[in-house]
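Chemist: Counting from 65, one number per residue, gives the positions in the sequence shown under the numbering used here. Note that CB positions come from ideal geometry on N, CA and C, so glycine has one too. Owing to the predicted nature of the structure, the values given are computational and were not obtained by experimental measurement.
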Amino acid sequence: MTAIVETTNDLCYFDFETRSIVSGVGGDLTKCGAYRYVAEGAFANVLTWCIGDGPVHIMALDGGFDERLTWELDAPAELKSFYARAVKGEAFFVAWNANFDRQVWNGPASDFPEMRADMILDAIPQATRSGLPARLEHASQKMGFGGKQADGGKLIRMFAPFDG
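(1) Quick one, which of R166, A187 and E201 has its alpha-carbon nearest L111's?
(2) Mind reading off the beta-carbon distance from F146 to A155? Whole number of angstroms is fine, and I expect it under 8 Å.
(3) If you count every other CB in all the chains shown that lies within 10 Å of the CB of F193, and 16 or more means buried, which is it?
(4) Among the candidates A159, H202, A150 and Y77, whose CA atom is the shortest distance from the CA of P177?
(5) What would DSSP say about N161, mapped onto helix, strand or coil?
(6) Would you check if the distance between the CB atom of A187 and the CB atom of V158 is smaller than 8 Å?
(7) Just to confirm before moving on: does the CB-CB distance between Y101 and S84 stay below 8 Å?
(8) Would W113 pass as a contact of D175 if the rule is Cβ separation under 8 Å?
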(Lines of atoms letter the chains of each structure in order from A and count residues from 1; the text may use other names and numbers.)
(Lines give C-alpha, C1' and ligand atoms only; values in the text may rest on other atoms or scores of the structure.)
Protein backbone atom coordinates (compact mmCIF):
# COMPACT_ATOMS: atom_id res chain seq x y z
CA MET A 1 0.00 0.00 0.00
CA THR A 2 1.26 3.47 -0.84
CA ALA A 3 0.73 6.05 1.87
CA ILE A 4 -1.02 9.17 0.62
CA VAL A 5 -0.45 12.21 2.78
CA GLU A 6 -2.42 15.27 1.76
CA THR A 7 -1.43 17.66 4.57
CA THR A 8 0.95 17.63 7.52
CA ASN A 9 -2.14 17.12 9.71
CA ASP A 10 -2.28 13.59 8.27
CA LEU A 11 0.88 12.74 10.22
CA CYS A 12 1.35 12.26 13.96
CA TYR A 13 4.98 12.10 14.99
CA PHE A 14 5.50 10.19 18.23
CA ASP A 15 8.18 8.74 20.48
CA PHE A 16 7.99 6.60 23.61
CA GLU A 17 10.28 6.64 26.59
CA THR A 18 10.08 3.32 28.36
CA ARG A 19 11.12 1.41 31.41
CA SER A 20 11.97 -2.27 31.64
CA ILE A 21 13.96 -4.66 33.72
CA VAL A 22 14.86 -7.49 31.37
CA SER A 23 16.51 -10.41 33.10
CA GLY A 24 20.26 -10.62 32.65
CA VAL A 25 20.81 -7.33 30.85
CA GLY A 26 19.32 -4.82 33.25
CA GLY A 27 16.71 -3.47 30.86
CA ASP A 28 19.37 -2.32 28.38
CA LEU A 29 17.64 -2.29 25.00
CA THR A 30 20.94 -2.32 23.12
CA LYS A 31 21.90 -5.61 24.79
CA CYS A 32 18.62 -7.52 24.49
CA GLY A 33 16.94 -6.17 21.35
CA ALA A 34 13.54 -4.54 20.93
CA TYR A 35 11.44 -7.72 20.79
CA ARG A 36 12.80 -9.18 24.04
CA TYR A 37 12.80 -5.78 25.73
CA VAL A 38 9.09 -5.31 25.06
CA ALA A 39 8.06 -8.97 25.44
CA GLU A 40 9.58 -9.12 28.91
CA GLY A 41 7.51 -6.23 30.17
CA ALA A 42 8.77 -2.87 28.94
CA PHE A 43 6.16 -0.21 29.50
CA ALA A 44 5.70 3.35 28.35
CA ASN A 45 6.11 6.04 30.96
CA VAL A 46 6.41 9.04 28.61
CA LEU A 47 4.90 9.62 25.18
CA THR A 48 5.68 12.72 23.15
CA TRP A 49 3.55 13.37 20.10
CA CYS A 50 2.74 16.08 17.61
CA ILE A 51 0.16 16.24 14.82
CA GLY A 52 1.53 17.95 11.74
CA ASP A 53 3.05 21.33 12.51
CA GLY A 54 1.11 21.60 15.76
CA PRO A 55 2.51 21.80 19.26
CA VAL A 56 4.43 18.94 20.83
CA HIS A 57 2.43 17.24 23.57
CA ILE A 58 3.82 15.14 26.38
CA MET A 59 1.90 12.36 28.10
CA ALA A 60 3.70 11.69 31.35
CA LEU A 61 2.78 10.36 34.74
CA ASP A 62 2.28 12.44 37.83
CA GLY A 63 2.64 9.44 40.15
CA GLY A 64 6.16 8.42 39.19
CA PHE A 65 8.08 6.52 36.57
CA ASP A 66 7.12 3.05 37.78
CA GLU A 67 3.58 3.60 36.57
CA ARG A 68 2.40 2.89 33.03
CA LEU A 69 0.71 5.23 30.61
CA THR A 70 -2.78 4.05 29.76
CA TRP A 71 -4.87 4.78 26.71
CA GLU A 72 -8.09 5.17 28.63
CA LEU A 73 -6.83 7.45 31.40
CA ASP A 74 -3.89 9.31 29.85
CA ALA A 75 -4.50 9.69 26.11
CA PRO A 76 -6.19 12.99 25.25
CA ALA A 77 -9.17 13.23 22.91
CA GLU A 78 -7.05 14.75 20.11
CA LEU A 79 -4.75 11.71 20.02
CA LYS A 80 -7.69 9.30 20.21
CA SER A 81 -9.34 11.12 17.30
CA PHE A 82 -6.13 10.92 15.25
CA TYR A 83 -5.90 7.19 16.00
CA ALA A 84 -9.46 6.74 14.65
CA ARG A 85 -8.37 8.43 11.40
CA ALA A 86 -5.31 6.16 11.17
CA VAL A 87 -7.50 3.07 11.63
CA LYS A 88 -9.48 4.20 8.56
CA GLY A 89 -6.29 4.81 6.54
CA GLU A 90 -6.80 8.58 6.51
CA ALA A 91 -3.71 9.41 8.57
CA PHE A 92 -0.42 7.87 9.70
CA PHE A 93 1.73 7.73 12.79
CA VAL A 94 5.43 8.42 12.20
CA ALA A 95 8.36 7.36 14.37
CA TRP A 96 12.12 7.15 14.08
CA ASN A 97 12.72 3.38 14.24
CA ALA A 98 8.99 2.72 14.05
CA ASN A 99 9.48 -0.98 14.79
CA PHE A 100 10.39 -0.21 18.39
CA ASP A 101 7.63 2.34 19.04
CA ARG A 102 4.98 0.11 17.45
CA GLN A 103 6.12 -2.81 19.61
CA VAL A 104 5.81 -0.65 22.76
CA TRP A 105 2.38 0.59 21.63
CA ASN A 106 1.20 -3.00 21.07
CA GLY A 107 3.24 -4.62 23.85
CA PRO A 108 1.90 -6.90 26.57
CA ALA A 109 2.29 -4.14 29.19
CA SER A 110 0.22 -1.70 27.10
CA ASP A 111 -3.52 -1.16 26.99
CA PHE A 112 -3.29 1.02 23.87
CA PRO A 113 -5.51 -0.11 20.96
CA GLU A 114 -3.77 -2.10 18.23
CA MET A 115 -1.51 -0.20 15.88
CA ARG A 116 -1.39 -2.15 12.63
CA ALA A 117 1.69 -2.03 10.40
CA ASP A 118 -0.23 -0.05 7.76
CA MET A 119 -0.91 2.74 10.27
CA ILE A 120 2.73 3.71 10.85
CA LEU A 121 5.58 5.09 8.79
CA ASP A 122 9.25 4.83 9.71
CA ALA A 123 11.20 8.08 9.31
CA ILE A 124 14.58 6.34 8.94
CA PRO A 125 14.11 5.14 5.33
CA GLN A 126 12.90 8.58 4.27
CA ALA A 127 15.88 10.22 5.97
CA THR A 128 18.41 7.92 4.33
CA ARG A 129 16.74 8.34 0.92
CA SER A 130 17.18 12.07 1.45
CA GLY A 131 20.90 11.66 2.12
CA LEU A 132 20.75 11.87 5.92
CA PRO A 133 22.39 9.41 8.33
CA ALA A 134 20.24 6.63 9.80
CA ARG A 135 21.11 7.53 13.41
CA LEU A 136 18.80 10.22 14.73
CA GLU A 137 21.60 12.07 16.49
CA HIS A 138 23.67 12.27 13.31
CA ALA A 139 20.69 13.23 11.13
CA SER A 140 19.88 16.00 13.60
CA GLN A 141 23.47 17.28 13.46
CA LYS A 142 23.51 17.15 9.64
CA MET A 143 20.35 19.25 9.55
CA GLY A 144 21.91 21.82 11.90
CA PHE A 145 19.89 20.99 15.03
CA GLY A 146 22.88 20.02 17.18
CA GLY A 147 22.15 16.36 17.87
CA LYS A 148 21.21 14.83 21.18
CA GLN A 149 21.16 16.67 24.45
CA ALA A 150 24.58 16.27 26.11
CA ASP A 151 23.13 14.88 29.33
CA GLY A 152 20.57 12.66 27.57
CA GLY A 153 22.11 9.40 28.78
CA LYS A 154 22.07 10.66 32.35
CA LEU A 155 18.41 11.62 32.03
CA ILE A 156 17.51 8.20 30.60
CA ARG A 157 19.20 6.46 33.52
CA MET A 158 17.41 8.77 35.97
CA PHE A 159 13.95 8.11 34.51
CA ALA A 160 14.43 4.47 33.48
CA PRO A 161 17.30 3.08 35.50
CA PHE A 162 18.89 -0.25 34.65
CA ASP A 163 19.31 -2.81 37.42
CA GLY A 164 22.79 -3.86 36.39
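Modeler: On the basis of the supplied data:
(1) R166
(2) 6 Å
(3) Looking at the sequence provided, one finds Arg at residue 193 rather than Phe. Result: exposed.
(4) A150
(5) coil
(6) yes
(7) yes
(8) no
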